[in-house]
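The structure appears right after this line, and notes come after that.
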Amino acid sequence: MKHLIFCIIMIWPLLLAAQTKPNTTIPFVLEDNCVYIYCQVNTTDSLKFIFDTGANGSVLSETAANRLKLPRTGTTHNVGSNGTNTVSQSAGNVIRFGSLTKSNALLTLIPYEGFKFDGVFGTDLMKGYVIEVDYHKKELRFYEPAGYHNDLGAYARCKLRFVADYPTVTSTIVANGRRYTGRFGLDTGAEDVLTVAAPFGRKHGLPARLPRIGTAVSQGSDGSTYESAVALAPEIRFGRKCFYRVPATLSQSTSGADATEDKAGFWGNGFLKRFNAVWDFDRNYLYLKPNKNLYTEL
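Mature numbering (1 follows the signal peptide of the UniProt record, and there is no 0) puts the sequence shown at residues -17 to -1, 1 to 281.
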């Protein structure tokens, strides 16, 4: 008996050591389906940022930029969901999130109107880390990829494929016995469940094949406001899982991200919030485990 107890005592520290310690843990709030954290830009703290895997660069609102007196160092084209516009940029900034720091950060300055946040935390700040999104504890945990060894046996693994620097997964819409498969972007910065890009919808005749259940009015980062039909997809296959009676916004955009030819559409955080997630940008995998939000209303 003494020998058995000794073995247990020896093994227990090994089990504890198998859990990787995060570089930093950041609490978040969930509002209108989206994840928000607080960051510091230069010397100004407590700026509210949306955690947005659909943005390949980080953003500060023009209002916040004016308040911080950020210098304008150039311009760029911003691609919104329904159009594009020319916006300013500010280089050489320092962004602090938790105990981590991004130096010489480039911020795109967008005149957000009607949005209740100061900035966008894009994938330029996420890459180089493994990030756990825990909706039970409402935490983001950032890890070094090389030392990450947490047990993901209870998670489903999805291969991430980047299309124009945008993380996508292959998904299938099933309707009337037919399958329509494409690469759908993963956009934690979008409030809705699913948007079908206009070219993909037209190609497969989805506006006629899916029953319409309503309309949605949206505002893109380019400032445009637009109305889209909302239809009911009888079945969606995401990875190896099936979901039924999923509301899908059918875009009719002729420009912007929703008019893209290279993606079939976008999963928003109205869907993604239903899973605790591990984003491994180093190995290009996404791990998902159902959480308490799984059966909340779509």
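Where a beta carbon is used, it is the ideal one built from N, C-alpha and C, also for glycine.
Here the structure is a predicted model, which is why all the values come from computation and not from measurement.
Quiz item: For Gly251 versus Val176, is the C-beta distance shorter than 7 Å?
Solution: yes
Quiz item: Sorted by chain position, which residues of the same chain lie with C-beta nearer than 6 Å to Arg124's C-beta, five sequence neighbours on each side aside?
Solution: Pro5, Thr8, Glu115
Exercise. Assign Asp170 to one of two classes, buried (16 or more other C-beta atoms within 10 Å of its C-beta) or exposed (fewer than that).
Key: Using a 10 angstroms sphere on the CB of Asp170, the tally of other CB atoms reaches 16 or more, which defines it as buried.
Self-check item: Leu189 - containing alpha helix (DSSP H), residue span
Solution: 189 to 192
Quiz item: Over what stretch of residues does the beta strand (DSSP E) that includes Pro230 continue unbroken?
Solution: 224 to 233
Quiz item: Roughly how many whole angstroms lie between the Cα atoms of Asp263 and Gly81?
Solution: 19 Å
Quiz prompt | Val12 classed as buried or exposed, judged by whether at least 16 other C-beta atoms fall within 10 angstroms | solution = exposed
Quiz item: Exposed or buried, what is Val70 when buried is set at 16 or more other beta-carbons lying within 10 Å of its beta-carbon?
Solution: buried
Practice problem: Can you tell me which of Glu122, Val157, Val113 puts its alpha carbon nearest to the alpha carbon of Tyr131? | Solution: With distances taken between CA atoms, Tyr131 lies nearest to Val113 out of Glu122, Val157, Val113.
Quiz item: Taking just the CA atoms, how far does Leu108 sit from Leu83?
Solution: Rounded to the nearest angstrom, the two C-alpha atoms are 10 Å apart.
Quiz item: From Val24 to Ile78, what distance separates their C-alpha atoms?
Solution: Rounded to the nearest angstrom, the two C-alpha atoms are 5 Å apart.
Quiz prompt | For residue 303, the three-state DSSP class (helix, strand or coil) | solution = Given that the chain is displayed from residue -17 to residue 281, the structure contains no residue 303 and the question cannot be resolved.
Exercise. Output the distance between the C-alpha atoms of Ala48 and Leu215, rounded to the nearest integer angstrom.
Key: 40 Å
Quiz prompt | Continuous beta strand (DSSP E) stretch holding Asp241: start and end | solution = Careful: Asp241 lies outside any beta strand (DSSP E) and carries neither H nor E.
Quiz prompt | Reduced DSSP secondary structure (H/G/I, E/B, other) of Glu45 | solution = helix
Self-check item: As assigned by DSSP and simplified to three states, the class of Lys(-16)
Solution: In this prediction, Lys(-16) scores a pLDDT of 39, lower than 50, which makes its location untrustworthy; the coordinate-derived value is nonetheless stated afterwards. Correct three-state label for Lys(-16): helix.
Practice problem: Could you tell me the distance, in whole angstroms, from the CA atom of Thr67 to the CA atom of Asn61? | Solution: 5 Å
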